[in-house]
Amino acid sequence: MKNFTYYRPTSPEQAVGLLEARWGRTELLAGGTDLLDLQKEYIAQPERVVSLASVAQLNNVSISDRAITLGAGMTLAAIANHASVKQHAAALAQAASEIGGPQIRNMGTLGGNLCQRNRCWYFRDEHTNCLLKGGQRCFAIDGENKYHACFAAGHRCVIVNPSTLAPALIALNASAEVQGPNGRRTVPMASFFRAPTGPTEREHNLAANELVLSVTIPIVANTRSASYEVRHKQAYDWPLVQAAVAFQGGRDGAKATGVKIVLGHVAPTPHVAEAGQRSLENHAVTEVTAAAAGIGAGEGTRPLSQNGYKVKLIEVAVKRALLLAAGMKPYWEV
Ligand SMILES: Cc1cc2nc3c(=O)[nH]c(=O)nc-3n(C[C@H](O)[C@H](O)[C@H](O)COP(=O)(O)OP(=O)(O)OC[C@H]3O[C@@H](n4cnc5c(N)ncnc54)[C@H](O)[C@@H]3O)c2cc1C
Numbered sequence: 234m235k236n237f238t239y240y241r242p243t244s245p246e247q248a249v250g251l252l253e254a255r256w257g258r259t260e261l262l263a264g265g266t267d268l269l270d271l272q273k274e275y276i277a278q279p280e281r282v283v284s285l286a287s288v289a290q291l292n293n294v295s296i297s298d299r300a301i302t303l304g305a306g307m308t309l310a311a312i313a314n315h316a317s318v319k320q321h322a323a324a325l326a327q328a329a330s331e332i333g334g335p336q337i338r339n340m341g342t343l344g345g346n347l348c349q350r351n352r353c354w355y356f357r358d359e360h361t362n363c364l365l366k367g368g369q370r371c372f373a374i375d376g377e378n379k380y381h382a383c384f385a386a387g388h389r390c391v392i393v394n395p396s397t398l399a400p401a402l403i404a405l406n407a408s409a410e411v412q413g414p415n416g417r418r419t420v421p422m423a424s425f426f427r428a429p430t431g432p433t434e435r436e437h438n439l440a441a442n443e444l445v446l447s448v449t450i451p452i453v454a455n456t457r458s459a460s461y462e463v464r465h466k467q468a469y470d471w472p473l474v475q476a477a478v479a480f481q482g483g484r485d486g487a488k489a490t491g492v493k494i495v496l497g498h499v500a501p502t503p504h505v506a507e508a509g510q511r512s513l514e515n516h517a518v519t520e521v522t523a524a525a526a527g528i529g530a531g532e533g534t535r536p537l538s539q540n541g542y543k544v545k546l547i548e549v550a551v552k553r554a555l556l557l558a559a560g561m562k563p564y565w566e567v
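Quick note on this note's numbering: the sequence shown kicks off at 234 and runs consecutively.
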């Protein structure tokens, strides 16, 4: 790992004051579960590392009748176990509870999860100069791409966004509070992420001198939500496909309204499955309507040479997430 200077500010303003307007020379450090890996692999080589460990404000949690606000420094384990998150934002609690293993969840934070880098093996290989590292092309498009985007059309880089919290937060209409050099701004989670195409871009839309302070999830009466992941194995594994869903009503014959279906690990940004949403809107959630929404959610896929299997997994993940949100007994667990 390259040597760096370590800073430990105590306020968001101090932290932002240490950042620079361009990516690369200075990095924020939260739990370190991603940044330290990147440094050890020489993918990130910052000269300055700004730790958030002493910025107490990032650990604040506030709950009202209308919203839950979680500080960006909250750990994934704390999110997964928080009673109000479980009650009002089940999809988020479920997503957090399935990330990595206990060590990752105890160190990894909300802000770090949203701002982590992608897991493409070409990007993570020190010796491969892919598009995101200033090279001429994305090696996954014609290479080993079984874990890459199946909504690949129009993308010059076919990573999948790595955050499992992101689809749940978008489904729940959450927004992030961001601190920059000129003050604070609110960013809806639906517009937080971007598809990067070069070394001057990240997987999100924050500037290099901005910091996530918190994320707010509105509490809407009668909302049900869930997140379902299809994975190779139960722990220490990334989803092949994830579906996060939310709606009002939908149970015991009631019509589902405000249906949100957001897919993770299928595109460079979390993917809002509009046709799937339309298919379920104003219908009760049953096995038949949930399956139809799953088929609709796959509309627009353009798989690469090795990941056509993800289209079927989208159908499965969406159907199961909807049935879980509606409180149905998971028939697939025996
Ligand atoms: C085996 C394994 C399995 C995993 N499985 C999953 C999974 O299934 N789903 C999933 O989502 N993740 C998964 N992860 C990744 C893990 O969730 C992330 O590494 C973790 O959430 C990052 O949080 P951190 O606090 O450690 O971030 P750090 O490593 O400290 O930082 C990560 C990035 O975020 C930036 N950052 C941190 N905090 C802020 C902030 N407040 N504002 C702006 N930028 C910030 C940092 O500068 C850095 O670029 C897995 C990791 C491992 C090792």
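From the three backbone atoms N, C-alpha and C, an ideal C-beta is built for every residue, glycine too. This one's a predicted model, so the numbers in the text were calculated from it and none came from an experiment.
- Query: Nearest CA to the CA of K273: which residue from K235, F372, I296 and G306?
  - Reply: K235
- Taking contact to mean at least 3 C-beta pairs separated by less than 8 Å, is the stretch 395-409 in contact with the stretch 365-372? In short, these stretches do not touch, since the Cβ pair count stays below three.
- Query: Terminal residues of the continuous alpha helix (DSSP H) containing Q290?
  - Reply: Element bounds for Q290: n/a, residue is neither H nor E.
- Proximity test, A263 beta-carbon vs ligand 3 heavy atom, cut-off 7 Å: Among the ligands in the structure shown, ligand 3 does not appear; only ligand 1 can be found there.
- What is the C-beta distance between G441 and G413, in whole angstroms, given that I count them as a contact (C-beta under 8 Å)? Checking the sequence shown, residue 441 turns out to be Ala, not Gly. In fact, because the Cβ distance is near 10 Å, the residues do not count as touching under 8 Å.
- Query: Does at least one heavy atom of ligand 1 sit under 7 Å from the Cβ of T182?
  - Reply: The chain is shown only over 234 to 567; residue 182 falls outside these bounds and no answer can be derived.
- Given 8 Å as the limit, is there contact between the stretch 353-369 and the stretch 500-512, that is, 3 or more CB pairs closer than that? no
- Message: Does the distance between the C-beta of Y564 and the nearest non-hydrogen atom of ligand 1 fall short of 7 Å?
- Response: no
- Task: Output the distance between the C-alpha atoms of A311 and N339, rounded to the nearest integer angstrom.
- Result: 8 Å
- Could you give the DSSP three-state label for L262: helix, strand or coil? strand
- Using 8 Å as the Cβ pair cut-off and three pairs as the minimum, do the stretch 527-540 and the stretch 373-384 touch? Judged by Cβ distances under 8 Å, the stretch 527-540 makes contact with the stretch 373-384, as three or more pairs qualify.
- Message: Please classify P421 as buried or exposed, where buried requires at least 16 other C-beta atoms within 10 Å of its C-beta.
- Response: exposed
- If we count the other Cβ atoms within 10 Å of its Cβ and call it buried at 16 or more, is Q349 buried or exposed? buried
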